[in-house]
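Structure record follows, encoded as structure tokens.
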Amino acid sequence: MKIAMIGAGMAGLAAANRLRERGFDCTVFEKSRGLGGRMATRRVDALQFDHGAQYFTARGARFRSRLMQWQTRGVAAEWLPGKWVGMPGMTAPARSLGEGIEIIQGARVTGLDGGPGHWRLISDTAPNGAHEYGLFEAVIMAIPAPQIVPLAASAGIRFPELESVRYAPCLTLMLAFDAVTDLHEWSLSPAEGPIAWMARNRTKPGREGPLETLVAHATPAWSRQHVDTPTESAAETLLHALRPHLGAAEPVFRMLHRWLYARVEQTAGVPYLWDPIRQVGACGDWAGGPRVEAAFDSGEALAMAVIESLGRTRQGSSEPGG
Ligand SMILES: Cc1cc2nc3c(=O)[nH]c(=O)nc-3n(C[C@H](O)[C@H](O)[C@H](O)COP(=O)(O)OP(=O)(O)OC[C@H]3O[C@@H](n4cnc5c(N)ncnc54)[C@H](O)[C@@H]3O)c2cc1C
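For the sequence shown, this note's numbering begins at 946 and goes up steadily by one.
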């Protein structure tokens, strides 16, 4: 039974991994060139910056057990007590979940067409000029709620639970220094000003490098206000706010990234969405909150619901089961 998964972040890959384990033929469509979504690491020459999620925690038994597997496989390590990071970058756990799954990267899905048993995905950026993929029994959207709403609407589907979901944007400044800064802490959260959090990337396991690398996240309020501010001007303001912590050091590299849907502020109040008639579902951090674990839990929970709904519970079976 073929299932289309839209989005190769933590939620989508957790769901795809579980579905594959139960014998479903899952194809993942990802608009970017990498896996992991907001669990991201930007590499520029010898520099690397975790510019999305800084770390993740594991509160529930299910995610903790997965984390232990990642630690054993060397794709996650503890940075600070209870604060975990991917190894050697934040995308590593997602890549581990995606092993053995067909993932089509660089394919942004812009529409759904058809119906249960014969869904087709429309893409405007697909490689090799392909603009349509199918046919699929079921479709799962593992993307931020504001992006699910128009995609579902393209097939006449409405999930009212998603309409109240709200995300905060986050402007992120990446800096590198070849001189010593005044920073001695692993991270800091200034009490006021536009910076919410700043981390010394190089203090994380596996990220040692010749230069001091910093990642600074602007506050939700400042990010909202400056979402359209020209890059140079926004970067300059954030750098200025960091100056008191940097001493005389001047950055030798700087780059700004804008996350439009960074952190969930208002959740949907449901663990996932699944329409068993149309065979269309959705999962993501919008279900449980702005955390990697919430995305994982939502993906897992949806996969279990799909397995039950589509009547395929036998591990490794390739035909519909009872
Ligand atoms: C700046 C920042 C700091 C954060 N800090 C933390 C933290 O410290 N701790 C923590 O636990 N969490 C943190 N988070 C939140 C955490 O990263 C997210 O909650 C989690 O990664 C969300 O996973 P997801 O799978 O739901 O969504 P995403 O990671 O957004 O994955 C969705 C994927 O779908 C793709 N996609 C979207 N639309 C389409 C389309 N139409 N077609 C194809 N592909 C599509 C995207 O490219 C993306 O890869 C932070 C996030 C940000 C941005």
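In this text, a Cβ means the ideal position worked out from N, Cα and C, and glycines have one as well.
CA-CA distance, residue i and residue j?
i	j	result
Gly1229	Leu1191	37 Å
Ala1052	Thr1117	25 Å
Ile1212	Glu1177	The sequence shown places Thr at residue 1212, rather than the Ile named in the question. Near 33 Å, if we compare the C-alpha coordinates of Glu1177 and Thr1212.
Ala956	Leu1107	16 Å
Gln1016	Ala1006	15 Å
Pro1038	Gly981	8 Å
Gly1196	Leu1187	Note that residue 1196 corresponds to Pro in the displayed sequence, not to Gly. C-alpha separation (whole angstroms): 11 Å.
Leu1057	Trp1064	7 Å
Ala959	Phe1241	6 Å
Arg1009	Ala1003	5 Å
Asp1173	Trp1204	12 Å
Trp1131	Lys1149	8 Å
Thr972	Ala949	5 Å
Phe974	Arg1169	29 Å
Pro1183	His1171	At residue 1183 the sequence reads Leu, which differs from the Pro that was named. Roughly 11 Å separates the two Cα atoms.
Pro1089	Ala1232	10 Å
Glu1245	Arg963	7 Å
Val1282	Ser1068	Since the first and last residues shown for the chain are 946 and 1267, residue 1282 lies out of range.
Pro1139	Pro1189	13 Å
Gly1062	Ala1083	7 Å
Pro1175	Gly1019	40 Å
Glu1181	Ala1113	21 Å
Thr1258	Gly954	Confidence in Thr1258 is poor, its pLDDT being 40 and thus under 50, which makes the residue's placement unreliable; the coordinate value appears in the next sentence. Rounded to the nearest angstrom, the two C-alpha atoms are 25 Å apart.
Glu1238	Tyr1000	11 Å
Val1110	Arg1236	15 Å
Phe1198	Pro1165	24 Å
His1202	His996	8 Å
If you count every other CB in all the chains shown that lies within 10 Å of the CB of residue i, and 16 or more means buried, which is it?
i	result
Met984	buried
Ile1222	exposed
Gln1014	exposed
Thr1070	exposed
Ala1136	exposed
Asp1127	exposed
Glu1077	exposed
Pro1026	exposed
Gly1267	Residue placement at Gly1267 is poorly supported in this model, since its pLDDT is 26, which falls under 50; the coordinates are not used for a value here.
Check whether the Cβ atoms of residue i and residue j lie closer than 9 Å to each other.
i	j	result
Tyr1206	Gln1050	no
Trp1024	Leu1012	no
Gly1151	Ala991	no
Phe1081	Lys976	no
Ala1087	Gly952	yes
Ala930	Ala1097	This structure cannot speak to residue 930, because the chain is shown only from 946 to 1267.
Leu1159	Met1119	yes
Leu1247	Tyr1217	yes
Gly1045	Thr986	no
Ala1124	Ala1021	no
Val1269	Ile1085	As shown, the chain starts at 946 and ends at 1267. That puts residue 1269 outside it, with no answer to give.
Leu1066	Val1054	yes
Ala1163	Cys1115	yes
Met1200	Phe994	yes
Ile1102	Val1225	yes
Gly1079	Gly1059	yes
Thr1036	Gly968	no
Go to residue i, then tell me how far its beta strand (DSSP E) extends in each direction, as first and last residue.
i	result
Asp1123	Where Asp1123 is concerned, there is no enclosing beta strand (DSSP E), given that its DSSP letter is neither H nor E.
Phe994	Leu992 to Phe994
Val1209	Phe1198 to Gln1211
Phe974	Asp970 to Glu975
His1162	Glu1157 to Ala1163
Lys1028	Lys1028 to Gly1031
Gln1050	Glu1047 to Gln1050
Leu1080	Glu1077 to Phe1081
Trp1142	Ile1140 to Arg1145
Hey, could you find the ends of the alpha helix (DSSP H) residue i is sitting in?
i	result
Leu1012	Ala1006 to Arg1018
Ile1093	Ala1090 to Ala1098
Phe1241	Val1237 to Ser1254
Met955	Met955 to Glu966
Arg1188	Thr1176 to Leu1191
Ala1039	Ala1037 to Leu1042
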